[in-house]
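Undergrad: Per numbering that gives the first Met the number 0, the very first residue in the sequence shown carries number 0; after that it's consecutive. Backbone N, C-alpha and C define an ideal beta-carbon position, used for all residues, glycine too. Take this structure first; my questions come after.
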Amino acid sequence: METPSLYHFSFYSYAVLFTALMALLLAFLSWQRREEKTAFYLMWIELGIFSWAAPIFLESAASTVALKTFWSLAAYPGTIFTPLFVFLFALTLSQNDKWLNKNNIVLLLLPGLVIFTAALTNQWHGLLWPAIKIDPESNIAVYEHGPIFYLLVLY
């Protein structure tokens, strides 16, 4: 009897992998110019995209809810903080970064940390994803959204 494979890679999976690798390359190129504020934040955007896309490459191929949930959680720091890095980049690029200091950046990070903690503990409260189902035709996970998901959208 043949055991089912835990991962089924598709064209979509490989497209996400390509995205992750391109983001990593761009992060490296931005890092070389990190003395410039905009390049510094661009590097963080690209690292965020990489940390988002690399686990989603595996999530897209995973064939069980447990694996899909694990890889979604691994991608959540990138999911949550990449938009913040884009905001910081835009402020710097537009020269509106006068109020950007360590304390204010930490304040901007706090809601994301709370949401990430909620994601890690979702199995006990279901406030982020009340249910996760896999579409058998496409192997794509369908995540039902709870109230914390909408807080993430607002953040």
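(1) Could you spell out the range, first to last residue, of the alpha helix (DSSP H) harbouring Ile104?
(2) Does the Cβ-Cβ distance between Trp51 and Thr81 come in under 7 Å?
(3) Can you tell me the Cα-Cα spacing of Asn103 and Pro135, whole angstroms?
(4) Helix or strand or just coil, what does DSSP make of Ile55?
(5) Mind checking whether the beta-carbon of Leu150 lies closer than 6 Å to any heavy atom of the ligand GTP?
(6) Taking only three categories from DSSP, how would you classify Tyr154?
TA: This is what the structure holds:
(1) 101-119
(2) yes
(3) 45 Å
(4) Of the three classes helix, strand and coil, the one that applies to Ile55 here is helix, per DSSP.
(5) Only the bare structure without any ligand can be found here, which leaves the ligand GTP out of the picture.
(6) coil
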